[in-house]
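S.K.: Got a structure for you, questions after.
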Amino acid sequence: NLTSADIRQDEDCLDTWFSSWLWPISLFNGINRPGNEELRYYYPTTDLVTGPDIIFFWVARMIMSGYEYEGKMPFKNVYFTGIVRDKLGRKMSKSLGNSPDPLELIDKYGADGVRMGMMLSAPAGNDILFDEVLCEQGRNFTNKIWNAFRLIKGWQVDKQAEAPEISRLAVRWFESVLNKTAAEIADLFAKYRLSEALMAVYKLFWDEFSSWYLEMIKPAYGLAIDGATYRAALSFFDKLLKLLHPFMPFITEELWQQVCERKEGESIMVSLLTFDTEVDETFIHQFDITKEIIGNVRTVRLQKNITLKETLELQVIGRHPVEELNAVILKMCNLSAIVITDTKAEGASVFMVGTTEFAVPSSSSMDPKAEIARMEAELKHKEGFLQGVLKKLNNEKFVSNAPPAVLEMERKKQADAESIIKSLKEGIEALSKSC
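The working numbering puts the first residue of the sequence shown at 11, with every later residue one more than the last.
Printed below as a string of structure tokens:
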């Protein structure tokens, strides 16, 4: 029997959004104490991070209150996050049972691993297609950072030793790559493309620093590293930790404290991050050619089942495009010599880099018939693998819903498999002629 006459509005209660619209000001007690020191220091701020579904309810009203009570806008930029969905594109909800427990994820993959998984899933302005596989990728990356740190700190240092040529070349190359990538990351941050910035520093650390730089400067077993190269490695690692810190704050703080002796109260969170603007683009390009040469020699070893312990010779037919970097090719391929010649050895494995032809003479220990059988088995396996990858990439639903990082990974698998299949077919054809 209740009627509208029996209902009375509470005079001392504010609607949720009405109180929330004052947040940028009331956070610093600006309503009760207008113009106080904290408010003057922090207001206005720069960025607001929120969801697009409350633009009218919250964002617009905060702007109104800012102009009403402070005479200026409370923030300059608004970064809209997407709605979290599962890998099938469904909105996460309790009824569907597709929402993971964050504490369980953190327990399984670590806080940094989960943060990285979320950010790889979240391209700016789009919905977040969450896939637990990306958290696993984050955990693996965390392990990679730890292992790189342990490797560097485990080296014995000979302060009197002179840096070998390959180390000097490696330092010169990585310094340019680091400076170039740091500038790209700064630009991505300025454009709020956070997932792309994370992918850039991920590739820099995993591919360039760990797979190439550390392998080039790593001393032979039982030997010490020279002081100059060691100091450069620690300096690069320190800068990489600072680039990674916004994405992975826990492991980077922990390792930064151990890179060298720190004063009490020092933190990576407030340490300066500075990079030189000098980038040697020509040298980076030469190094890209060098990496392609090394990759092809390694493919020859793989195809012909030649162990890394066995030294090989590399023939350059005509002009050598990167002779300055011979020290890198010799070490990374375990070569006895690099020979510039006009004619390649008979039965040699041949590959092209740009317009230059390279040849790897056949190993004396190789049985051609057994090698053909091995290569045919490998070819069959790779063709089956490629079919599986293509099946995924030809699936419209998968391509539409998969995060960009997953798609990029699958396309790289396709390109790598196609390259190996092509090399295997060429190798089988060449060996068949010599039988």
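Beta carbons: idealized from backbone N, C-alpha and C, even for Gly.
What three-state label does DSSP hand N39 in the structure shown?
M.R.: Coil.
S.K.: Name the residue from A358, R95, G394 and V363 whose alpha carbon lies nearest to the alpha carbon of P378.
M.R.: Per the Cα distances, A358.
S.K.: Could you give the first and the last residue of the continuous alpha helix (DSSP H) run that contains D460?
M.R.: Given a span of 11 to 445 for the chain in the structure shown, any question on residue 460 remains unanswerable.
S.K.: As a quick exercise: from L251, E172, K301 and E302, pick the residue whose alpha carbon is nearest that of L282.
M.R.: Answer by Cα proximity: L251.
S.K.: Alpha helix (DSSP H) containing L340: first to last residue?
M.R.: Unbroken alpha helix (DSSP H) run through L340: N336 to C343.
S.K.: So is W156 buried or exposed if we call it buried at 16+ other beta carbons inside 10 Å?
M.R.: So W156 ends up on the exposed side.
S.K.: Excluding the 5 residues flanking N189 on each side, which residues of the same chain have their C-beta closer than 8 Å to its C-beta?
M.R.: Same-chain partners within the cutoff: F285, D286, T287, E288 and V289.
S.K.: Whose C-alpha, out of A440, K435, I438 and P413, is nearest the C-alpha of D96?
M.R.: It is P413 whose Cα lies nearest to the Cα of D96.
S.K.: Would you identify the three-state DSSP class for F285, choosing helix, strand or coil?
M.R.: Three-state DSSP puts F285 in coil, outside helix and strand.
S.K.: For R95, which beta-bridge partners are listed by DSSP?
M.R.: Its beta-bridge partners are K101 and L139.
S.K.: Hey, out of T300, S177 and K154, whose CA is closest to I261's CA?
M.R.: Taking only the C-alpha atoms, the option nearest I261 is K154.
S.K.: Should L214 go down as buried or exposed, given a rule of 16 or more other Cβ atoms within 10 Å for buried?
M.R.: Its Cβ being crowded by 16 or more others within 10 Å, L214 is buried.
S.K.: What are the boundary residues of the alpha helix (DSSP H) that N306 is part of?
M.R.: Per DSSP, N306 belongs to the alpha helix (DSSP H) from E291 to K314.
S.K.: Is A387 a contact residue of the ligand SAH, with contact defined as CB to any heavy atom under 7 Å?
M.R.: No copy of the ligand SAH occurs in the structure displayed, which carries no ligand at all.
S.K.: How long is the line joining the alpha carbons of A387 and A427, rounded to whole angstroms?
M.R.: One C-alpha to the other measures close to 14 Å.
S.K.: With the cut-off set at 8 Å, would you say P229 and W183 are in Cβ contact?
M.R.: Taking 8 Å as the Cβ cut-off, P229 and W183 do not qualify as a contacting pair.
S.K.: If you drop the 5 nearest sequence neighbours on each side, which residues of the same chain put their C-beta closer than 7 Å to that of V399?
M.R.: E420, K423, Q424 and A427, listed in sequence order.
S.K.: With burial defined as no fewer than 16 other Cβ atoms inside 10 Å of the residue's Cβ, what is the status of C23: buried or exposed?
M.R.: That one is exposed.
S.K.: Considering only their Cβ atoms, is the gap separating V167 from Y240 smaller than 8 Å?
M.R.: The answer is yes: Cβ separation under 8 Å.
S.K.: On the premise that A132 lies in contact with G92, defined as a C-beta separation below 8 Å, what is that separation, rounded to the nearest angstrom?
M.R.: At roughly 7 Å, the Cβ-Cβ gap stays under 8 Å, so G92 and A132 are in contact.
S.K.: How would you label R125, buried or exposed, when you count the other beta carbons within 10 angstroms and need 16 or more for buried?
M.R.: That one is buried.
S.K.: For the beta strand (DSSP E) containing Q170, name the first residue and the last one.
M.R.: Neither: Q170 is in no beta strand (DSSP E) and is coded neither H nor E.
S.K.: Using a Cβ distance threshold of 8 Å, determine whether the stretch 252 to 259 contacts the stretch 216 to 229, with at least three qualifying pairs required.
M.R.: No: fewer than three Cβ pairs fall under 8 Å.
S.K.: What is the DSSP secondary structure of M362, reduced to helix, strand or coil?
M.R.: DSSP places M362 in strand when its eight states are reduced to three.
S.K.: What residue does the beta strand (DSSP E) around D352 start on, and which one ends it?
M.R.: Where D352 is concerned, there is no enclosing beta strand (DSSP E), given that its DSSP letter is neither H nor E.
S.K.: For E323, which beta-bridge partners are listed by DSSP?
M.R.: In the DSSP output, where bridge partners are listed per residue, E323 has A347.
S.K.: Of the choices P331, E276 and L265, whose alpha-carbon is the least far from that of Q296?
M.R.: Cα-wise, what sits closest to Q296 is P331.
S.K.: Is the CB-CB distance between M83 and V94 below 8 Å?
M.R.: Cβ distance not < 8 Å, so M83 and V94 don't count as in contact.
S.K.: Where does I17 sit, in a helix, a strand or coil, going by DSSP?
M.R.: Coil at I17, not helix or strand.
S.K.: Check whether the Cβ atoms of I327 and K301 sit closer than 8 Å, and answer yes or no.
M.R.: The answer is no: Cβ separation not under 8 Å.
S.K.: What residues in its chain sit with their C-beta under 8 Å from that of N87, if we drop five residues either side in the sequence?
M.R.: Closer than 8 Å at the Cβ level, and outside the excluded window around N87, lie T56, D57, L58 and Y202.
S.K.: What residue from G45, E406, S433 and G120 has the CA that sits closest to K392's CA?
M.R.: Cα-wise, what sits closest to K392 is S433.
S.K.: Who are the Cβ neighbours of K163 in its own chain at under 8 Å, not counting the five residues just before and after it?
M.R.: The answer, listed in chain order, is Q268.
S.K.: Which residues does DSSP list as the beta-bridge partners of L58?
M.R.: Paired residues: V88.
S.K.: With burial defined as no fewer than 16 other Cβ atoms inside 10 Å of the residue's Cβ, what is the status of V338: buried or exposed?
M.R.: So V338 ends up on the buried side.
S.K.: Considering only their Cβ atoms, is the gap separating I176 from M226 smaller than 8 Å?
M.R.: Closer than 8 Å, so yes.
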